[in-house]
Structures are given as structure tokens and as C-alpha cells.
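To keep things clear, I will list the structure first and then write my remarks on it.
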Amino acid sequence: MAAGDDLKLIGAWPSPFVTRVKLAPSFKGLSFENVEEDISNKSELLLSSNPVHKKVPVLLHHGKPICESVVIVQYIDAWADPGTGPSLLSSDPHERAVARFWAAYIDDKLVASWMQSFRGKTEEEKSEGTKQMFAAVETLEGALRECSKGEGYFGGESVGLVDVSLGSLLSWLKATEMMSGAKIFDPVKTPLLAAWVERFGELDGAKTALPDVDRVVEFAKMRQAQAAAAAAASEN
Amino acid sequence: MENKTMARAGSLKLLGLTVSPFVVRVRMALQLKGLGYEYIEQDLFIKGDLLLMSNPVHKKVPVLIHDGKPICESLAIMQYIDEVWAATGPSILPADPYERADARFWAAYADSKLLPAWVGIMWAATEEERVEKVEDTLKAIGHLEEAFGKCSNGKPFFAGDSVGYLDLVLGSQLLWFEALQKMFGVVVIEEGKAPLLAAWVKRFGETDTAKEVVPDVDTAVEYLKKLQSHRAGATVAQLLS
Chain V
1 MAAGDDLKLI
11 GAWPSPFVTR
21 VKLAPSFKGL
31 SFENVEEDIS
41 NKSELLLSSN
51 PVHKKVPVLL
61 HHGKPICESV
71 VIVQYIDAWA
81 DPGTGPSLLS
91 SDPHERAVAR
101 FWAAYIDDKL
111 VASWMQSFRG
121 KTEEEKSEGT
131 KQMFAAVETL
141 EGALRECSKG
151 EGYFGGESVG
161 LVDVSLGSLL
171 SWLKATEMMS
181 GAKIFDPVKT
191 PLLAAWVERF
201 GELDGAKTAL
211 PDVDRVVEFA
221 KMRQAQAAAA
231 AAASEN
Chain P
1 MENKTMARAG
11 SLKLLGLTVS
21 PFVVRVRMAL
31 QLKGLGYEYI
41 EQDLFIKGDL
51 LLMSNPVHKK
61 VPVLIHDGKP
71 ICESLAIMQY
81 IDEVWAATGP
91 SILPADPYER
101 ADARFWAAYA
111 DSKLLPAWVG
121 IMWAATEEER
131 VEKVEDTLKA
141 IGHLEEAFGK
151 CSNGKPFFAG
161 DSVGYLDLVL
171 GSQLLWFEAL
181 QKMFGVVVIE
191 EGKAPLLAAW
201 VKRFGETDTA
211 KEVVPDVDTA
221 VEYLKKLQSH
231 RAGATVAQLL
241 S
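Written as C-alpha cells, this is what we have:
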């Protein structure tokens with residue numbers, strides 16, 4: 001870590017988008033100050049740093065805010081000293097375009113459908129979300145085969161943008177597996193991804209950044225109870 | 001339809017839809033770099049084999065095929081063009097990482113907040129829904145008006161002296177703002193409410209990039225009428241890409 005890096009991350013531990021941003025400096029050996037936000041009572045710092053969305057994560061670099069997790073990860077990668085570790089993006093433009101494509105896919109298809117399976121207003125909506133989530137995971141199995149070229153990660157020999165984008169979701173996806181009993185990364189249906197999950201989870205960077213799965217399960221149960229109580233209250 | 005090459009590009013093919021903002025912005029990027037390419041208009045109601053093979057995941061336009069390799073997702077394509085032809089023509093993304101992050105942030109905003117809002121105006125099922133979508137659109141424009149003030153630093157475009165990434169991402173949506181005005185009387189960028197953007201719209205329209213690439217507003221209106229008669233369950237986003 002170079003002196004005067006002045007990196008501050010405004011985040012909230014349950015958010016996978018915040019985890020995503022924590023993974024990037026983790027893999028590049030950068031340290032940063034973690035500012036934990038209470039989402040139910042947003043701070044002045046958050047509101048003034050991200051006035052458009054008022055959301056975490058926000059990275060403050062020398063006081064200047066950068067918002068949106070994928071934008072932040074690319075910023076850290078572009079700005080950080082090459083001596084801090086391999087780039088999260090390939091130097092080959094076509095591979096970079098493919099990585100950006102899959103990073104967008106993960107957010108637009110996997111995250112969106114997974115959120116629907118959790119927060120859908122009806123059982124029907126939720127089960128549609130689950131169905132689409134499994135379809136997205138199968139597509140990502142193909143993506144891993146294409147991108148890894150026989151190596152261990154989407155980024156090839158080392159972790160890349162897509163590994164970070166998907167890896168950031170692991171605690172939540174594992175929590176979902178525990179709560180629903182269904183295997184999201186089935187070693188039979190998606191063997192490459194199942195192996196990748198193990199491999200990624202063993203990395204020091206992942207161990208540092210990813211929240212504890214049991215803690216996430218507790219948090220999810222609390223949120224579900226809150227949502228159920230709110231729904232019941234609004235029906236009375 | 002073949003465009004004459006001004007710069008050697010290898011083989012470039014673009015699968016597109018003339019009126020799609022996602023396609024227009026890629027064509028603008030290619031124009032800025034002076035690149036020739038074969039443009040192949042797609043029928044999104046009956047998708048051809050080349051499209052289905054080149055973008056099997058989304059089956060959407062635009063798809064850029066460079067020396068046989070497909071690149072999908074308009075923002076990824078624009079960055080690809082900028083990186084491969086870095087030595088040709090102006091830069092599309094800024095060099096400074098912070099400014100680049102800012103451009104990416106606002107481009108994501110324009111696509112995730114502004115675009116669905118104005119698309120919603122076209123497809124609103126009720127007057128109430130239309131009013132809500134108009135409000136959402138104007139709110140997004142308000143944020144972009146502020147963004148322009150900050151990004152441009154007193155210069156004519158978001159990117160500075162000449163057009164760049166964010167100018168193209170937003171500029172590619174302008175023809176539909178004109179269409180909305182013609183068909184619904186909705187003014188998306190009103191001089192009184194968004195003076196900086198209103199002035200930028202005029203300047204953008206005067207650029208070669210806009211003049212050479214953006215189709216006539218009537219083309220958009222005609223396409224919208226075609227969509228309206230075909231609607232049957234498909235979302236507009238699906239039909240514009």
C-alpha cells in the first residue's frame with residue numbers, strides 16, 4: 001500500500017455490491033478504511049457522496065466519490081499500481097469486452113432473478129425468479145468454460161472482473177442454498193462452477209471480504225420476518 | 001450496404017436496427033474513429049441465424065463482428081472500439097480514471113433510469129401511468145442536467161471540446177425524444193427546465209457524428225407504429241434491441 005492512498009469505502013456488510021468492491025482491493029493488496037453505513041438511517045456522508053442513488057457502495061478516493069460497484073472495481077483496477085497485483089481485466093480488448101459482457105449478465109440476469117426469488121410479492125413471482133436464476137447459473141457454466149480456457153477462473157490463471165462480480169454473491173447464494181435446501185451450484189449440473197466456488201472461497205482475498213454465511217442467513221431471516229410483518233400490517 | 005473504409009479495420013460487420021439507441025451509439029463510435037463496416041439491418045420479429053449465432057445469450061442487437069469474433073452489449077462494444085483503435089481518431093472514453101468512472105456512472109444511469117422511463121411513456125397502458133413515466137423521465141433529465149454542468153466544465157460537450165462516451169450514450173436517445181414530442185406532445189428536454197442540456201442537444205445535432213448516423217425522426221415514428229401493432233406481450237426494450 002502506498003502512502004496517502006486515502007481510500008474509504010462507505011458500505012454495509014450485508015450488501016453483495018459492497019462485498020464486490022471489498023474484493024477488488026483485497027486482491028490487489030490495497031487497504032482502505034471501511035465506513036459501515038446504517039441503511040435505515042443514511043448518513044450525510046453517503047447522501048452527499050451519492051446524491052443520485054443514495055446507495056452503497058461508494059468509494060471515496062482522496063475525498064472524491066465513485067459510485068456503482070462495477071464502475072468502482074474498474075476504477076480501482078485502472079488506478080492501482082501494477083505492482084499491487086495482476087489486473088482484473090485482460091490486456092486483450094476482446095477478452096475485456098467478453099468480461100464486461102458477463103459482468104453485466106451477472107447483474108442483469110442472475111442478481112435480478114435471485115432478488116425476485118427472495119423478494120417477489122407472490123409465490124408465483126418468486127418461483128419464476130428461482131427458475132430464471134437456475135437458467136442464469138447454467139449459462140454461466142458455459143461462460144466459465146469459454147473464459148477460463150482450461151484455467152481456474154473466469155479471468156484465466158488469476159481472478160478477474162467476472163470472478164469478482166460473481167464471487168461477491170457467494171455468501172448470499174450459499175445462504176439461499178441453506179434456507180431453501182436447493183443446490184444452486186450443483187456439482188452434477190454445473191461442475192465447473194461448483195469447483196470454482198470452492199476454489200474462489202479458499203482465496204485469502206475472498207475470506208477477508210466475504211461476510212460469514214451464517215450471519216447472512218440470520219440477516220435474511222430477519223428481513224423476511226420484517227417483510228412478512230409489514231405485509232400483514234398493511235392487510236389489516 | 002457497404003461503407004467505404006477510411007481506416008483499415010480488418011473485417012467489421014454490425015448487426016443492428018436503424019432506430020435502436022443501442023445501435024445508433026455504436027455507429028457513432030465507429031464514425032468517430034473513421035471506421036468502415038458492413039451494416040446489416042436485422043428484423044427483430046424474425047431473428048436471423050447470424051444474429052442468433054453471434055449473440056446466443058441475449059439474441060439482441062447491436063452485435064459487432066470483428067474478424068469473425070462477435071462483441072455484444074453496446075457499452076462493451078463502444079469500449080472495445082475505443083481500445084482496439086486507440087491510435088485512430090479521438091478517444092471515446094477519457095484517459096483519466098476518475099473521469100472515466102464518472103462517464104461510466106452516468107452512462108449506466110442514462111440506460112438504467114432515463115431510458116426505461118421514456119420507453120414507459122410510449123407503452124403506458126393508462127394516462128395515469130403515462131404521467132408517472134413522464135415525471136420519472138423529467139427527474140432523470142434533471143440529474144443529467146446537473147451532471148452536464150459538472151462533467152463539461154464549461155465546455156460544449158459532456159466529454160469537453162468534442163463528443164465522447166456519455167455524449168454518444170445520451171445522444172443516441174435523442175431521436176426518440178423527438179419522436180415522443182411528435183406522437184405524444186411530450187417535451188423531454190425543455191429549455192426552461194434544462195437549459196444546459198437543451199443547448200447541448202442543438203450542438204450535438206450539428207456534429208458530423210449525429211448528422212451521418214442518426215436517422216430521421218419519421219423513421220422512429222414509423223417503427224413505433226409498427227411496434228404498437230405487433231405488441232402482443234413483447235417488451236419495448238426487447239423490440240428496440
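Going down the list, the sequences are from chains V and P. Every letter in the first sequence is one number past the one before it in my numbering, and letter 146, counting from 1, is 146. Every letter in the second sequence is one number past the one before it in my numbering, and letter 95, counting from 1, is 95. C-beta atoms are modelled at their ideal positions from N, C-alpha and C, and glycine is treated no differently.
Rounded C-alpha distance that separates residue i from residue j
i	j	result
G164 of chain P	Q226 of chain V	46 angstroms
E222 of chain P	W123 of chain P	15 angstroms
W13 of chain V	K131 of chain V	28 angstroms
R100 of chain P	A233 of chain V	46 angstroms
A3 of chain V	E178 of chain P	Annotation note: pLDDT 40 at A3 of chain V (below 50); position unreliable, coordinate value reported separately. Spanning the two alpha carbons is a distance of roughly 52 angstroms.
Q31 of chain P	G16 of chain P	15 angstroms
V52 of chain V	W200 of chain P	21 angstroms
P90 of chain P	V217 of chain P	28 angstroms
S241 of chain P	G36 of chain P	22 angstroms
M115 of chain V	T176 of chain V	11 angstroms
S90 of chain V	F184 of chain P	46 angstroms
S40 of chain V	G120 of chain V	21 angstroms
F204 of chain P	D167 of chain P	8 angstroms
R27 of chain P	E212 of chain P	9 angstroms
F45 of chain P	S31 of chain V	51 angstroms
E190 of chain P	L180 of chain P	13 angstroms
Q79 of chain P	A230 of chain V	44 angstroms
E128 of chain V	D92 of chain V	37 angstroms
Residue i vs residue j beta-carbon contact at 8 angstroms
i	j	result
L144 of chain P	A110 of chain P	yes
Q23 of chain P	P215 of chain P	According to the sequence provided, residue 23 of chain P is Val. The question's Gln does not apply to it. Not in contact: V23 of chain P and P215 of chain P (Cβ atoms no closer than 8 angstroms).
A76 of chain P	F101 of chain V	yes
V21 of chain V	S69 of chain V	yes
A140 of chain P	G171 of chain P	no
V56 of chain V	V18 of chain V	yes
L23 of chain V	A195 of chain V	no
L210 of chain V	L173 of chain V	no
D102 of chain P	L93 of chain P	no
W85 of chain P	K133 of chain P	no
V137 of chain V	F185 of chain V	yes
L59 of chain V	E33 of chain V	no
V213 of chain V	M178 of chain V	yes
G243 of chain V	A99 of chain V	For chain V, the structure presents residues 1 to 236; residue 243 of chain V sits outside this window and is missing.
P25 of chain V	S49 of chain V	no
T190 of chain V	V57 of chain P	no
Start-to-end residues for the beta strand (DSSP E) that takes in residue i
i	result
V58 of chain V	58–61
V35 of chain V	33–36
L9 of chain V	7–11
Those residues which DSSP pairs with residue i across a bridge
i	result
V63 of chain P	P:L15, P:C72
G192 of chain P	Answer by DSSP bridge pairing: none, since G192 of chain P is not bridged.
Y153 of chain V	V:G156
I66 of chain V	V:L59
F157 of chain P	P:G160
L170 of chain P	DSSP, once it has assigned bridges, lists no residue as partnering L170 of chain P.
Residue i Cβ short of 7 angstroms to the ligand NAD heavy atom set
i	result
A182 of chain V	This structure does not include the ligand NAD; it has no bound ligands of any sort.
Host alpha helix (DSSP H) of residue i (start-end)
i	result
Y39 of chain P	Y39 of chain P -> not in any alpha helix (DSSP H); beta strand (DSSP E) instead, spanning 38–41.
H230 of chain P	217–230
P16 of chain V	16–27
T208 of chain V	204–209
F22 of chain P	21–32
S127 of chain V	123–148
K47 of chain P	K47 of chain P -> no alpha helix (DSSP H), and no H or E assigned at all.
L30 of chain V	That residue, L30 of chain V, is in no alpha helix (DSSP H); it is neither H nor E in DSSP.
Minimum length 4: unbroken alpha helix (DSSP H) runs contained in the segment 155–190 of chain V: Within the segment 155–190 of chain V, the complete alpha helix (DSSP H) runs of at least 4 residues are 161–167, 170–180.
Ordered list of alpha helix (DSSP H) runs contained in the segment 80–142 of chain P, each at least 4 residues: Within the segment 80–142 of chain P, the complete alpha helix (DSSP H) segments at least 4 residues long are 97–109, 115–123, listed from N- to C-terminus.
Every unbroken alpha helix (DSSP H) inside the segment 76–111 of chain V [4 residues or more]: Those alpha helix (DSSP H) runs which fall completely within the segment 76–111 of chain V and span 4+ residues are 93–105.
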